[in-house]
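First up is the structure itself, then whatever we jot down about it.
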Amino acid sequence: MTSDTSGMSDTIRPAQPARPARLRGATPPLRAKARHAPHLRRRSVTLTALMTLMVIYSLLPLAWLAINATKSQNGLFNSFGLWFKDFSFFSNISDTFTYDHAIFTRWLLNTVLYVVVGAGGATLLATLAGYGLAKFDFPGKKAVFAIVIGAVAVPGTALAVPTFLMFSKLGLTDTPWAIIIPSLISPFGLYLMWTFSTDAVPKEMLESARVDGAGEFRTFFKVSLPLLGPGIVTVLLFNVVATWNNYFLPLIMLKDPDWYPLTLGLNDWNMQAQTAGGDAVFNLVITGSLVTIVPLIAAFLLLQRYWQSGLSAGSVKG
Amino acid sequence: MTISRRRGVLLGASALAVALAATACGSSSSSGKSSSSSGGAQSATVSDADLQAALTAGGNLTVWAWEPTLKKVVADFQTKYPNVHVNLVNAGTNKDEYTALQNAVKAGKGVPDVAHIEYYALPQFELAKSVANLTEFGADKLDGTFTPGPWSAVKKDGGVYGLPMDSGPMALFYNKTVFDKFGITTPPATWDEYIADAKKIHDADPSVFISNDTGDPGLTTSLIWQAGGKPYTVDGTTVGVNFASDPGTQKFTAAWQQLIDGKLLAPITSWSDAWYQGMASGKIASLSIGAWMPSSLESGVKGGSGQWRVAPLPQWTAGAKASSENGGSSLAVMQASSNKKLAYAFLKYATVDEGAQSRVDNGAFPATTKQLNSPDFLNKTDAYFGDQKINQVLADSAAAVTPGWSYLPFQVYANSIFNDTVGKAYVSGTKLSDGLKAWQDASIKYGKDQGFTVK
Amino acid sequence: MASLSADHARPGPPAARARRKTRRSLVGWKFVSPFMALFALVFLAPIGYSIYLSLYKTRLIGGTQFVGAQNYTEAFQDSQFWSGFGRVALFLMVQVPIMLGLALLLALAIDSGRLYGAAFFRISVFLPYAVPAVVATLMWGFMYGTRFGLIGNLDKAFGVTLPDPLSPDLILASIGNIVTWQWVGYNMLILYSALRVVNPSLYEAAAIEGAGQFRIIWAIKLPALRGALMIATIFSVIGSFQLFNEPSILKHLAPNAITTYFTPNYYAYSLSFDGQQFNYSATVAIVMGVATMIVAYAVQLRGMRKAG
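Protein chains in written order, with the numbering used here: chain D, 1 to 318; chain Y, 1001 to 1455; chain E, 2001 to 2308.
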C-alpha cells in the first residue's frame, strides 16, 4: 500500500527537487498567496448557495440543542422544539454545574484527563508508527497492514466481554487506565499518518539528513515532524473527538461515578427519568450535552486557526 | 463505540414485577436441588446478636443499586453504625447492572457485597448461584414481614435469595382534567369500558390517546397475570411456555387487539422524552402502571399537578377486584461477598428496620406489611393527586394481586426479544396472538438451547 | 531502502547497501513497535480469546463443553444473522457512496477557493462529528417525531401526512441520514487535508498551461485524493458492517422497527448482553470480522489496480 501510494505520486508528479532547509523560511508567505492564486479569480454564488443548504442540514439539529438548552423542564414539554419558550439558560447552566454535589465538574475533569493522555498518546503512537511504515522497509511490514485491518474488522462490541475479563484480571477495571489504554490505539490515525507521511516527507530530505549523519529519531523530530503538521493536527482532532465522546468502553469498564467521563454521566442523568422515583432532569441533560460539545467546537476553531497559519509548515512541501 | 443504556428501559426501567410466586414453594420441593448456600445448615446459624456484633465491629460494604431513596438510608445507616462504611454505587439501571454483575461474577473480581435486583431477574442469579441463600442469617423467620407477592418472589425451594425492597401493585393513573374534557366522569371499571372510553377520546380529538403502548413485555405480562393467565410454568429446571392456549392470554389479546386495530394507543414508547411530553401536554390521558409511579409523575410531569388521580385497574370481569404486580425489586447478598453477615445486617436495616420507613417517606411504595397498613401511610394526601388518598387504592391493589404467577428463569432474555416477535403486531398486520405465539417459540428455543427441560 | 524507491537507488557497494537495509529494519520497528505492542493488548488478545470462546458452548444448565465448529455451522444457517448481514450490505451499497460522494464534493468545493466564507463552511459541516451519538440521536429523534416532533409540526402546518421515518420501511434510510449527517464532515476533512498537501507548483504549472477547474480536478486533485479516498472507503466499509450505535439508540424510539438482530454487530451484542450466549456471540463477531476483511481487501485491491 505504501509502495502503491508513493508509486502513484511518482507517476502524476514531476520529480520533486530536494528543498534545502534555507529556502524554508523564505517561501511560506509567498506560497500562501500563490497557493490559491489560480482559483481566486471569481467566487461562485451558485456554489456558495449549494453549500449553504449543506450547512443548514448540518446545523439544524445543533440549533435544536442550543434552543432547548434555554428551556426549563416544563418549558421543554410545552413548546415548539425550534423556538424559544421561557429563558432559563443561566439557571440551567448553574444547575448543571451544581447538581448532585457538582459531580458534573468532576466528570468534565475526568474527560479532560482521558483526552489529554489518551488522545495525545494515541496521536504520538500513530504518528510514529505511520511514519515508520511509510519511510522504512522492515520485515513484517506487510503483515502490519493485514493484522491491523483484520483486527479492526472484528466488531468491538462483541469483544467487550473478553476485554473486560482480561482487564479485570489485570486489575485495570474501575481505574482510569481501563479507559486510557484502549484510547491509545487509533488504527485510523495510523493509516492517515501513513498516507500523510508518504506524501508529505520528501525522500530526498531524509536522504540528505542521513548523509549528514543524523540519527533516525533526530531526523524524525527535526526534519519530518514539522512537515507532518497538518496530518498530526487532523489525527489529533479525530482522536480528541473519539476520546471525548467515548461511551461504550467506560460503560463496561467503570462502575465508580467518580471516574465517569461526561458521556456516561449525562446518560446517568438521562436514566434517572426512567427510574421509578428518579428525578427527571431533561433540562440538565440537554444543557449538559451542549456544555459537553462546546469545548470540542472551541478546540476545532483553535486548531483551525493553527491550520490556516501553521499549515505553512506543511506547505513547505505541499 | 456508543451504546445507549436507555435501551434497557424497555425491559425493565418500568420495573417489571415478577412474583416468582408459589410455583416453587407450592410444588413438591425437589430435594435434590435445594439451594447452594454456604455453611450447610438448614436454618439460622447466625443470631441477631451475631448480626449486632458485626455491625458494631464494622467493615466495608459495596452496594450496587440505582434506587434513589437508598442514598438517605445509607447515610442514616452509617450514622447509626459509624464503624461500617458503605460504598453505594449506581452501577447502571436494571439490565445494565445485571450485565455488570454477570461480568464481575465471571471475572471473579469486583463483585459487590449487596446488589439491587428486580424480582423478575432474581431467579436468573439464583440459578447461577451468584446470590447467597439468606436462611443462614435467619431470613426465613421474616415470614409475614413482607406482603405476599414480593415475599414469594424472593423465595425458592425453601431458600430466601433477597429481601424485598419495594413492590408495584398495578393501578390506573389518569388525568382527570382530560377525562372530564371528553365527558368521562368515572374512570373505566372494566377493560370493555376502557376500550369504549379510548374510542370516545380519540374520536373527539385524534391527537389525544387514552394511553400509549408500543409493545411492552412488562405491561403485557402484568395484564395477562391480572386476567388470571399462567403462560409460564417453572419447576426447577423444567419450564413451560404457553401463550397460545392460555385463557388469560386470550382475554388480553381480544381486548388489546381492538385497541391496536383502532389505533387507540399512542405509538410512543414509555419513558421516552416524548412520553413525558405527551403526558405534560395532555395527549396521553392515562397509564396502567405500578404503584411506584407517583414520584415519577411528580418529578417528570410537574405541570400535571392537581390533574392526576388514581383508580383501580380496569377489570376483565365486571365487579371483580383482581390485580397484578408491575415492577418491584429486592436487595440480595452476593455469593462472592467476603462479609455476608455484615451485608445481611445492612439488608435488614434497609428493607425491614429504619430503612423501610425512610424509603416510604421519600416516595417508595412499601413491600412491608407494617408500612403498607399504617394509618399514616393510608391517609396521606397529595396535592399532585388533588388531595386524593391514593395509597388506599394502591394498598387495595396490593391485597388483590392474583396468586400463582411465575416468570421464567431467563426472563431478562425473553423480554429482550419481545419486540422482535410481539412487536410486529404494533407495526404490521400481524395478530397479537400470532406475535405471542412467536414469542413463545423463541423463548422455548432459547430455553432448550440453554439446557432447560421444556414442556 | 526499498521504500526509498528502487528507481532512485543510488549506486554503492552491495555490502554497504545490505548493511544499511538491516539497520533500517530495526529502526522501522522502533517506530512501529509501541503502537503494535498496545495494539496486541487491546485488539489481538481479546480476538484470540474470542476465537477460543467460539469453540465452546456454555449453557445456563449443564456448564461448558467443547463443540468445535458447531457454532460456526449454526451461524451459517442462522436466518437472523443473514437478515442482519443483508441489511448492512444494502446500507454499505447505498449510504457509503452517498456520504463519500458528498464529502468529495464538499472537499473540492472548499478547496476550490471559489466559495464565499470557505472557512465557515468547513467548520459548519464538520461540527456534527463533535456531537456524541447519544445526543445526536436525541436531536434526530425529535426531528423524526410524527407526534410532537418536527415531522408532526410539518404535518400540521401543511395539512399533509409525511411518512413516518421510524417505521420499519424507512428506519434504515433514517439511520443512513444520521450516519451521513455525523460523518460527512469528517470524511470531507480527510479528503480536504489530502488536497492541502498537493504541491502548489502543480497548480501553477496547470495555470500556465491554461487548464480549467475541471481539468485541474481531474488531472491533479482526484489522483492526489486516491490514497485518502481508499482509506476513507475501507473505514466506511468497516463502519457499515459494524453499524451499531444508531440502531441501538433509536431502538428506544422505534422498538418494533429495530429488531435485536437488526445488524450483525447488534445481534452479537444482544446475544452476549441479553442472552449470555458469549460463545455464539464471539462466533458471530469472528464471522463478521472475516467478511469485513474480505470486502476491505477487495476495496484495496481495486484501489491499487486503479492506481497502477
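C-beta atoms are modelled at their ideal positions from N, C-alpha and C, and glycine is treated no differently. Predicted model, so just to flag it, every value in this text is computed and none were measured.
Between which residues of its own chain and residue i is the CB-CB distance below 7 Å, once the five residues before and five after are set aside?
i       : result
L65/D   : I286, S289 and L290
V2284/E : A2075, F2081, P2264, Y2267, A2268 and L2271
A1400/Y : K1321, A1322 and S1323
A21/D   : Only weak support exists for where A21/D lies, its pLDDT of 33 falling under 50; the value from the coordinates is given anyway. The answer is none, since no qualifying residue turns up.
R1309/Y : Y1174, K1176, F1385, G1386 and Q1388
CB-CB under 6 Å to residue i, same chain, minus the five flanking residues each way: which ones, in chain order?
i       : result
V1208/Y : I1201 and K1283
L2102/E : V2184
G1306/Y : G1386
T2146/E : G2152 and D2164
A1255/Y : W1191
A1107/Y : none
H39/D   : At H39/D the pLDDT is 47, less than 50, meaning the model places this residue with poor confidence and gives no usable figure here.
Short check: CB of residue i to CB of residue j, under 8 Å?
i       : j       : result
Y1119/Y : S1329/Y : yes
F221/D  : F2031/E : no
V240/D  : A119/D  : yes
G1158/Y : A1332/Y : no
Q73/D   : K1302/Y : yes
W1313/Y : S1288/Y : For clarity, residue 1313/Y is Leu in the given sequence; the question names Trp instead. Yes, the pair counts as a contact, with Cβ atoms nearer than the cut-off.
K2221/E : L2189/E : no
A2107/E : L2191/E : yes
A1244/Y : Q1440/Y : yes
I2051/E : I2286/E : yes
F167/D  : A178/D  : yes
D174/D  : D256/D  : yes
R2087/E : F2273/E : no
T2064/E : T2073/E : no
T123/D  : G229/D  : no
Would residue i count as contacting chain D if we go by Cβ distances under 8 Å?
i       : result
S1295/Y : yes
M2099/E : no
T1269/Y : no
S2124/E : yes
Q1078/Y : no
Taking the beta carbon of residue i as the centre, do at least 16 other beta carbons fall within 10 Å, making it buried, or is it exposed?
i       : result
L23/D   : Caution is warranted here: a pLDDT of 31 is assigned to L23/D, below 50, making its placement in the model unreliable, and no coordinate value can be reported.
D1143/Y : exposed
W83/D   : exposed
E1097/Y : buried
K71/D   : buried
M2093/E : exposed
S2054/E : buried
S1031/Y : Only weak support is given to the placement of S1031/Y: the predicted model assigns it a pLDDT of 35, under 50, and the question is left unresolved by the model.
P2097/E : exposed
Q1052/Y : exposed
F217/D  : exposed
S1028/Y : With a pLDDT of 35 at S1028/Y, under the threshold of 50, the modelled position of this residue cannot be trusted, and the question is left open.
Among the options, which one has its Cα closest to the Cα of residue i?
i       : options                               : result
V2198/E : D2169/E, V2096/E, P2046/E and I2217/E : I2217/E
D1396/Y : T1238/Y, A1171/Y and A1350/Y          : A1171/Y
F1377/Y : L1394/Y, G1168/Y and Y1384/Y          : L1394/Y
A2045/E : P202/D, T275/D, V154/D and D268/D     : V154/D
Y2186/E : F300/D, T123/D, T111/D and V45/D      : F300/D
If we define contact as Cβ-Cβ less than 8 Å, is residue i a contact residue for chain Y?
i       : result
V294/D  : no
A2257/E : yes
D256/D  : yes
I2061/E : yes
A32/D   : Note on A32/D: pLDDT 39, under 50, position unreliable in the model; no value is reported.
K71/D   : no
Do we get a CB-CB distance below 8 Å when we pair residue i with the residues of chain B?
i       : result
P2165/E : In the structure shown, chain B does not exist; the protein chains are D, Y and E.
Is any beta-carbon of chain E found at less than 8 Å from that of residue i?
i       : result
N1339/Y : no
K141/D  : yes
Spatial neighbours of residue i within its chain, please: C-beta separation below 8 Å, excluding the five flanking residues on both sides.
i       : result
I2110/E : A2118, F2121, R2122, M2188 and Y2192
L206/D  : K135, T219, V223 and S224
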